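**Student:** In the numbering used here, the protein residues as written are 276 to 640. Glycine is no exception: its CB is placed at the ideal position from the N, C-alpha and C atoms. Model, not experiment: these values are computed from the prediction.
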Amino acid sequence: MANIQTRRAVEGIVSYPLGESPEEIKEKYHLRTVRKMSDNENVYGCSNRVKEAIAQNLHQLSLYPDGTTSRLIKNLSAFYQLGREQFLIGNGSEEIIRLLARAYINPGDEAIMASMTFPRYETNVVIEGGVAITVPMLNGTHDLANMYDMVTEKTKMIFICNPNNPTGTIVGKEELIRFIKNIPPHILIILDEAYYEYVSSNDYLESIPLLSNHSNLVILRTFSKIYGLASLRIGYGIMHPSIIKELNKVKEVFNVNQLAQVAAEIALEDQEFVKGCAEKNTIERTLVCEQLEELGLGYFPSETNFVYVYTQQPISAKLITNGIIVRQMNLSGYADAFRITLGTREDNKFFIETLKEEIGSEKAV
Ligand SMILES: *Cc1c(COP(=O)(O)O)cnc(C)c1O
276 MANIQTRRAV
286 EGIVSYPLGE
296 SPEEIKEKYH
306 LRTVRKMSDN
316 ENVYGCSNRV
326 KEAIAQNLHQ
336 LSLYPDGTTS
346 RLIKNLSAFY
356 QLGREQFLIG
366 NGSEEIIRLL
376 ARAYINPGDE
386 AIMASMTFPR
396 YETNVVIEGG
406 VAITVPMLNG
416 THDLANMYDM
426 VTEKTKMIFI
436 CNPNNPTGTI
446 VGKEELIRFI
456 KNIPPHILII
466 LDEAYYEYVS
476 SNDYLESIPL
486 LSNHSNLVIL
496 RTFSKIYGLA
506 SLRIGYGIMH
516 PSIIKELNKV
526 KEVFNVNQLA
536 QVAAEIALED
546 QEFVKGCAEK
556 NTIERTLVCE
566 QLEELGLGYF
576 PSETNFVYVY
586 TQQPISAKLI
596 TNGIIVRQMN
606 LSGYADAFRI
616 TLGTREDNKF
626 FIETLKEEIG
636 SEKAV
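#1: Can you look up G551 in the DSSP assignment and give me helix, strand or coil?
#2: Along the beta strand (DSSP E) that carries V493, what are the first and last residues, could you check?
#3: Alpha helix (DSSP H) containing V601: first to last residue?
#4: Would you say the beta carbon of K578 comes nearer than 7 angstroms to a heavy atom of ligand 1?
#5: Which partner residues does I465 have in the DSSP bridge list?
#6: Could you check the C-alpha separation between E559 and T619 for me, to the nearest Å?
#7: Would you check if the distance between the CB atom of V426 and the CB atom of I464 is smaller than 8 angstroms?
#8: Which residues in the same chain as Y479 place their Cβ atom closer than 6 angstroms to its Cβ, once the five residues preceding and following it in sequence are excluded?
#9: Look at E403 and I380 and say whether their C-beta atoms are less than 8 angstroms apart.
#10: How close, in whole Å, do the beta carbons of G510 and G367 come, if the pair is a contact with beta carbons under 8 angstroms?
#11: Comparing C-alpha positions only, which one of R614, R602 and E628 sits nearest to P292?
#12: May I ask you to report which of helix, strand or coil DSSP gives I642?
#13: Beta-carbon within less than 8 angstroms of K326's beta-carbon, same chain only, minus the 5 sequence neighbours each way: which residues are those?
#14: For the alpha helix (DSSP H) containing L363, list its first residue and its last residue.
Rendered as structure tokens:
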């Protein structure tokens, strides 16, 4: 064992649980097929035009990528009708979360977030010596009133994951606008909208227009989810240029690889693909939730490509032995909880059939 003292802030951190790979699960349970329904990836892949563009750019592998990601920023600026100076591209939007903590969290600073949300917020804040203030949820939804009450003179940033991972819920439009207006301008408000394109509710806030009046607002989006480019690692933040100036000080110089940049440019152009995926996903989400209801399983209302299920019957382990990989969760008061990413019609049918077999006819909640 290396006898070297870890930084105090890092000591208590638990590495992200990556779990067994689909290959390992296949071997372990002697399965012919495994369905990876655990990571909220796009089951429909990505736009075919992206694959062509990558093939055409393979000759650039020996060169460093464009450190200013200029072409993608130009395209995003046209797409959103916003100034180029408001965009920062990251190695996944996760990198931008890390840069925000790196640039803004002093030891002892507080970051307010929901108790069941994306775990990278807390980890990155803690790495910098900050304190995560986690606020219990109301039915799987952010409790904005309570989050507001937790603001102190030590508060540096507030994370709102909307829609929220892992619960799939959104916060109401009016409530979120009021919240943003009430937060003093020296506190960063980070709206993580990784699942923005999947939302079908009318009560969802279009946050971009708020940027012009709120210089403390950061909006995060990604090419990993509906655009289907998770393996390339590319996401972006939209924010006031003065924040980008600070984040650039702590960013890797060549943080986004060139194939990812090219892929994202082309993916952005193919909005037909995005629209098609969102439509199919909404249909599957409705079907799966109807079946969960019929089976008497608890779930949170989802605006994403995944559903958080909870029950008094131990069931997620059985799903995994049947080749359905889900993300297991803990929900106080329930024997079992898990997040399942929606699949194709065939995947979802298999999931429901497996649930029926494992549950029998008993009510599960
Ligand atoms: C997937 C996800 C991200 C990170 O995506 P990247 O692949 O790093 O772009 C960020 N936030 C939430 C809530 C996510 O679910």
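**Tutor:** In terms of the structure at hand:
#1: G551 falls in the helix class under three-state DSSP.
#2: L492 to T497 is the span of the beta strand (DSSP E), which, as asked, contains V493.
#3: Careful: V601 lies outside any alpha helix (DSSP H) and carries neither H nor E.
#4: Note on residue identity: the sequence assigns Glu, not Lys, to residue 578. E578: no, Cβ never under 7 angstroms from ligand 1.
#5: According to DSSP, which records beta bridges pairwise, I465 is partnered with F434 and V493.
#6: Between E559 and T619, the C-alpha separation is close to 8 angstroms.
#7: Contact: no.
#8: If you ignore the 5 residues before and after Y479, its C-beta comes within less than 6 angstroms of the C-beta of I445, all in its own chain and listed in chain order.
#9: For E403 and I380, yes; Cβs fall inside 8 angstroms.
#10: With a Cβ gap of about 5 angstroms, G510 and G367 count as contacting.
#11: Minimum Cα distance to P292 is reached at R602.
#12: Any property of residue 642 remains undetermined from this structure, which presents the chain solely from 276 to 640.
#13: Same-chain partners within the cutoff: there are none.
#14: Secondary structure note for L363: it is in no alpha helix (DSSP H), and the uninterrupted beta strand (DSSP E) holding it is F362 to G365.
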